[in-house]
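Protein sequence lines, in the order shown, are assigned to chains A and B. Letter 1 of the first sequence, counting from 1, is numbered 31 in my numbering, and no numbers are missing. Letter 41 of the second sequence, counting from 1, is numbered 214 in my numbering, and no numbers are missing. Positions of the beta carbon are idealized from the N, C-alpha and C atoms, including for glycine. Here the structure is laid out as structure tokens; the discussion comes afterwards.
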Amino acid sequence: MLLIDCPYCGPRAEVEFSYGNEAHIARPLQPEALDDDDWADYLFMKTNRKGVMLERWVHSHGCRRWFNVARDTVTYEILAVYPMGAKPPKLPERSYL
Amino acid sequence: MPEETLRLSALASLGLAAHAVAARAPEQGIALRELPLPALLNLRLDPKETAAAKAAARTLGLLLPDLGQAGLAKELVAYRLGPDEWWIKMEGPAAALETKLRAALGDSHAAVTEIGEGWAQIEVSGPQARSLLAKGCPLDFHPRAFAIGEVKQSLLSKADAVYRLISDDDDASGALFEITIRRSFADYAWRWLADAAGEYGLAVLS
């Protein structure tokens, strides 16, 4: 079980949260101009990084607010929690390759 | 809001009145009570907009509470549920306060919505209240982690719930929690609580 530090409610159990996949993916400014490949790339292709991943989470059974989490996908360690719209903090490089 | 006389308790189908008692016996660890249907207002505003926050606070007669806290004023309670969200619970109909709040907030970026119809409240008390809730909720219910006046949103088994600790005595009366639950989940929540309270001894209060 992860203990996720909601920026508004404090540390809470993972069961209260829902996962929102990779953070900081910009929606195309002109979606009508994209072809199917580019649109599929935007919708479905995530980096699925082995190491530190920037993710969105929502405290769905708590305050119902979205926020960003920097999580190591190997160790499950949560390195940072920061609000929506904020730039990710400087994090140490981690390589598992 | 429907006619007061037409409002039906969320737990009417359980027929609780038939086996309700006036007080919990000393050997019973838990007492459950259905609270009257709440009059609730949802207040949304950005506390950084100080003019709106001040206007709301003046109208309510209290300082808007901090995150995770409840604030008490004459005849109402304010619960902070998020960075820009509060609930106001009061006795009696909410329409008058709703009108007053809307007038006070004027054109500011804020919203006041009556939501009482969607929620039901159950009171859980007794020396085993913390142990009972810990069975169905990932929150820490230890007195060190959940103090009087705190409000926390979490789960009760599989239903969303808002917990407020109203009082806590070291003597035999134990802790008294108010649980606010979606009206359509009230039946489920009550049955879950009654079942989980079996090992402690359950009293249903009128």
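Inter-residue CB distance, residue i and residue j (contact presumed, cutoff 8 Å)
i, j, result
"arginine 231/B", "glutamate 258/B", "About 19 Å separates the two Cβ atoms, so there is no contact after all."
"proline 41/A", "proline 113/A", "The Cβ separation is near 16 Å, so there is no contact."
"isoleucine 203/B", "glycine 374/B", "7 Å"
"serine 379/B", "alanine 195/B", "6 Å"
"leucine 208/B", "alanine 359/B", "In fact, because the Cβ distance is near 11 Å, the residues do not count as touching under 8 Å."
"phenylalanine 74/A", "tryptophan 87/A", "Not really, about 19 Å apart at Cβ, beyond 8 Å."
Between the CA atoms of residue j and residue i - distance to the nearest angstrom
i, j, result
"isoleucine 34/A", "leucine 306/B", "21 Å"
"glutamate 200/B", "alanine 345/B", "10 Å"
"glutamate 85/A", "glycine 265/B", "44 Å"
"glycine 299/B", "glycine 241/B", "23 Å"
"alanine 251/B", "lysine 262/B", "6 Å"
"aspartate 333/B", "valine 377/B", "22 Å"
"lysine 273/B", "leucine 179/B", "26 Å"
"threonine 77/A", "histidine 54/A", "12 Å"
"glutamate 296/B", "alanine 284/B", "29 Å"
"serine 327/B", "arginine 337/B", "11 Å"
"leucine 236/B", "leucine 64/A", "51 Å"
"histidine 282/B", "aspartate 368/B", "45 Å"
"threonine 105/A", "leucine 32/A", "11 Å"
"aspartate 341/B", "arginine 101/A", "38 Å"
"proline 238/B", "alanine 246/B", "11 Å"
"threonine 103/A", "valine 82/A", "6 Å"
"glutamate 287/B", "proline 211/B", "11 Å"
Local conformation of residue i per DSSP, three classes
i, result
"serine 90/A", "coil"
"leucine 32/A", "coil"
"aspartate 68/A", "helix"
"threonine 223/B", "helix"
"glutamate 372/B", "helix"
"threonine 272/B", "helix"
"aspartate 341/B", "strand"
"glycine 299/B", "strand"
"alanine 318/B", "coil"
"aspartate 333/B", "strand"
"threonine 232/B", "helix"
"proline 311/B", "coil"
"leucine 179/B", "helix"
Under 7 Å from the C-beta of residue i: neighbouring residues of chain B
i, result
"cysteine 93/A", "Leu254, Gly255 and Gln326"
"glutamate 46/A", "Pro311, Ser327 and Leu328"
Chain A residues whose Cβ lies nearer than 9 Å to that of residue i
i, result
"proline 118/B", "Lying before the first or after the last residue shown, residue 118/B is absent from chain B, which here runs from 174 to 379."
Cross-chain neighbours of residue i in chain B, by beta carbon under 8 Å
i, result
"tyrosine 38/A", "Leu240, Gly255 and Pro256"
Interface partners of residue i on chain A, CB under 7 Å
i, result
"aspartate 333/B", "His91"
*Taking contact to mean at least 3 C-beta pairs separated by less than 8 Å, is the region 307-314 of chain B in contact with the region 204-215 of chain B?*
no
_So, does the region 222-231 of chain B touch the region 277-286 of chain B, judging by three or more C-beta pairs under 8 Å?_
yes
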